[in-house]
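Residue numbers for the sequence shown follow this note's numbering, so the first one is 9 and each next one is one higher.
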Amino acid sequence: MRPALLSLVFLGASAAAADEAAALTLVAKLGGRVERDDKGAVARVSLDQSRVTDADLRTVAALTTLTHLDVSRTRVTNSGIVELAPLADLTSLDASRTEITDDGLKVVTRLRGLTRLSVANTEVTDATLKYLALLKRLAHLDVSNTKVTEAGLADIAKYPALASLHVGNLAVTDAGLKRLAPLKSLTALSLNGTQVTGPGLKELAAFPNLADLDVTNLAVTDAHLADLTLASPSALGLGFTKVTDGGMKGLTRFKALAALDLSDTAVGDAGLRNLAPLAGLTSLKLKGAKVTDAGMREVAAFKKLAALDLSNTAVGDAGLKALGASKELTTLNLGGTKVTDAGAKGLAAFPGLAHLDLSGTKVADPGLKGLAGLKGLKTLSLFGTKVTDAGVKDLAALKGLTTLNLWNTGVTDAGAKELAKLAALTSLDITGTQITDAGAAELAKALPNCRIAR
Numbered sequence: 009m010r011p012a013l014l015s016l017v018f019l020g021a022s023a024a025a026a027d028e029a030a031a032l033t034l035v036a037k038l039g040g041r042v043e044r045d046d047k048g049a050v051a052r053v054s055l056d057q058s059r060v061t062d063a064d065l066r067t068v069a070a071l072t073t074l075t076h077l078d079v080s081r082t083r084v085t086n087s088g089i090v091e092l093a094p095l096a097d098l099t100s101l102d103a104s105r106t107e108i109t110d111d112g113l114k115v116v117t118r119l120r121g122l123t124r125l126s127v128a129n130t131e132v133t134d135a136t137l138k139y140l141a142l143l144k145r146l147a148h149l150d151v152s153n154t155k156v157t158e159a160g161l162a163d164i165a166k167y168p169a170l171a172s173l174h175v176g177n178l179a180v181t182d183a184g185l186k187r188l189a190p191l192k193s194l195t196a197l198s199l200n201g202t203q204v205t206g207p208g209l210k211e212l213a214a215f216p217n218l219a220d221l222d223v224t225n226l227a228v229t230d231a232h233l234a235d236l237t238l239a240s241p242s243a244l245g246l247g248f249t250k251v252t253d254g255g256m257k258g259l260t261r262f263k264a265l266a267a268l269d270l271s272d273t274a275v276g277d278a279g280l281r282n283l284a285p286l287a288g289l290t291s292l293k294l295k296g297a298k299v300t301d302a303g304m305r306e307v308a309a310f311k312k313l314a315a316l317d318l319s320n321t322a323v324g325d326a327g328l329k330a331l332g333a334s335k336e337l338t339t340l341n342l343g344g345t346k347v348t349d350a351g352a353k354g355l356a357a358f359p360g361l362a363h364l365d366l367s368g369t370k371v372a373d374p375g376l377k378g379l380a381g382l383k384g385l386k387t388l389s390l391f392g393t394k395v396t397d398a399g400v401k402d403l404a405a406l407k408g409l410t411t412l413n414l415w416n417t418g419v420t421d422a423g424a425k426e427l428a429k430l431a432a433l434t435s436l437d438i439t440g441t442q443i444t445d446a447g448a449a450e451l452a453k454a455l456p457n458c459r460i461a462r
């Protein structure tokens, strides 16, 4: 290779490296998160809930190895989406709760490698749905809470590779569900908050491969569950429906069911007993259900359970004890329950916990001592508890903690000094605490990679 050409190649590589460095610096400044692939290349960037601007995305686009980008809950507009054109390897884009419209969605179709797209909670309409057919690899689409209507579903039904569709809170009726019938490869469908009726669920027979169904907020009853025509579902969302204990018997025919959401239903302890044959359950959501301490003995029988949501139930310390010991449980939500310090001290029975929510419980400083042994804990919410600086001091042992919510607790600047020792933190909420501006500034200095809300 000629010297002049070698020089040009070197200069080009140097410029690219400088651009990438500038992009990474910007992401860090915005409080974003970066993940690299096995070869060390930047693969994922999350800028959700940040102050990223359209102009910033021009800088971020220098990360040409990006495969996943999350700009959800930001002020990004159509102009910002235009800046993403250089990202030829992008396979996943989350632009939910941004300011993009149909014009922005047209630009998205230039990203021909996309397999996953979310434009939920935007101003997108039916007008540009036909253009998304250009994305031949698009397998996952979320248009929940947009201006998409039932008529637009006819265009969505033409997407060749679509496997997962979310149409939550759209004016979709039984007739609209019928329009989706051509999607024979559909494996996941969310109808949360639509106008589909219980009897209309018979249209689901058109989707032979459907394994993940969410009918949250629909008028589904026990009778409709009995008539549900699903071959072998692995996940079922029944939150805020009219199902009861009796309907749970009908679910036991779905032997492959691994995830079940019964949030805010009338299901109680008897219903949990009826679910006993579902030995493969790994995720169970009982938020706001009618379960009590007595029902936790039934839950303890699900030996593969990895995620359990008991928030806003009548479960207390006795129920927590009844769950027994489990190395499988990684996610536990006890927010709004009757759990106290006594119960919290027993959390050591779940050494594999990575995500724990104690919001709104009676857990205070003494109870946090029971968390010291949870070395794998990544996220912890203590929102609305009586935790003070003394309790925060006990959190210092949780070296791997990345997310901590202390909203409306009694933590002061003294506690902030203890928080500064949690070097792995990337998200910290100190809203409503007694931490002063000066204390927050010191925290920000000590934790430069942490997004602090206050």
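Think of the CB as a built atom: it goes at the ideal place given N, C-alpha and C, for glycine as much as any other residue.
- Spatial neighbours of Gly-279 in its own chain (CB-CB distance under 6 Å, excluding positions within 5 residues in sequence) are listed in chain order as Asp-253 and Met-256.
- Nearest in C-alpha terms to Lys-383, of all of Ala-357, Pro-241 and Lys-370, is Ala-357.
- Here the alpha carbons of Thr-439 and Gly-392 stand approximately 11 Å from one another.
- Just so you know, the alpha carbons of Ala-454 and Lys-353 end up roughly 30 Å apart.
- Shown here for Lys-311: same chain residues with a beta carbon closer than 8 Å to its own, the five before and five after excluded, namely Ala-287, Ser-334 and Glu-336 in chain order.
- Of the candidates Arg-462, Asn-457, Thr-434 and Leu-433, Arg-462 places its Cα closest to the Cα of Gly-447.
- One thing to note: Leu-342 has its Cβ within 8 Å of the Cβ of Leu-366.
- Here Glu-158 is buried. Its C-beta has 16 or more other C-beta atoms within 10 Å.
- Residue environment for Gly-48: exposed (fewer than 16 other C-beta atoms within 10 angstroms of its C-beta).
- Secondary structure within the region 63 to 145: the alpha helix (DSSP H) runs of 4 or more consecutive residues, fully enclosed, are 86 to 90 and 110 to 116 (chain order).
- Only exposed fits Pro-168, as fewer than 16 other CB atoms lie within 10 angstroms of its CB.
- Here the C-alpha atom of Leu-388 lies approximately 16 Å from the C-alpha atom of Thr-441.
- Residue burial annotation: Ser-240 is exposed, with fewer than 16 other C-beta atoms found within 10 angstroms of its C-beta.
- Of the candidates Leu-32, Lys-263, Pro-374 and Gly-40, the residue whose Cα lies closest to the Cα of Ser-435 is Gly-40.
- Using a Cβ distance threshold of 8 Å, Leu-113 and Val-90 do not count as a contacting pair.
- Spatial neighbours of Ala-452 in its own chain (CB-CB distance under 8 Å, excluding positions within 5 residues in sequence) are listed in chain order as Cys-458 and Ile-460.
- Note on geometry: alpha-carbon atoms of Thr-133 and Val-115 lie some 15 Å from one another.
- The residue from Leu-406, Asn-320 and Thr-290 with its alpha-carbon nearest to that of Val-307 is Thr-290.
- Within the same chain, Cβ atoms closer than 8 Å to the Cβ of Gly-206 are found at Leu-226, Ala-227, Val-228, Thr-229, Ala-231 and His-232, the five residues on either side in sequence being excluded.
- Sequence-distant Cβ neighbours of Val-395 in its own chain, meaning closer than 8 Å and more than five residues away, are Val-371, Ala-372, Asp-373, Leu-376, Leu-414, Thr-417, Gly-418 and Val-419.
- Take Gly-351, set aside five residues on each side of it, and the residues of its chain with a beta-carbon closer than 6 Å to its own are Asp-325 and Leu-328, in chain order.
- The Cβ neighbour count for Lys-386, taken over all protein chains shown within 10 Å, is at least 16; the residue is labelled buried.
- According to the DSSP assignment, Ile-164 belongs to the alpha helix (DSSP H) that extends over 161 to 164.
- Taking a C-beta distance under 8 Å as the contact criterion, Ala-428 and Asp-397 do not qualify as a contact pair.
- Within the DSSP secondary-structure output, Val-400 pairs in no beta bridge.
- Inter-residue distance for Thr-410 and Ala-31 is about 23 Å (C-alpha atoms, whole angstroms).
- The closest CA to that of Pro-94, considering only Thr-67, Asp-110, Ala-103 and Ser-104, is found on Thr-67.
- Looking at the DSSP output, Ala-196 bridges to Ser-172 and Asp-220.
- Our two residues, Ala-51 and Arg-124, have alpha carbons roughly 15 Å apart in a direct line.
- For Val-307, the uninterrupted alpha helix (DSSP H) run begins and ends at 304 to 307, by DSSP.
- Note on geometry: alpha-carbon atoms of Ala-36 and Leu-236 lie some 48 Å from one another.
- The Cβ atoms of Asn-86 and Asp-111 lie closer than 8 Å to each other.
- DSSP places Asn-282 inside the alpha helix (DSSP H), whose first and last residues are 277 to 282.
- Counting only runs of at least 3 residues, the region 371 to 431 fully encloses the following beta strand (DSSP E) elements, listed from N- to C-terminal order: 387 to 389 and 411 to 413.
- The beta-carbon distance between Arg-105 and Arg-120, rounded to whole angstroms, is 25 Å. This is too long to meet the 8 Å contact definition.
- Counting the other CB atoms within 10 Å of its CB gives Thr-33 a total below 16, which places it among the exposed residues.
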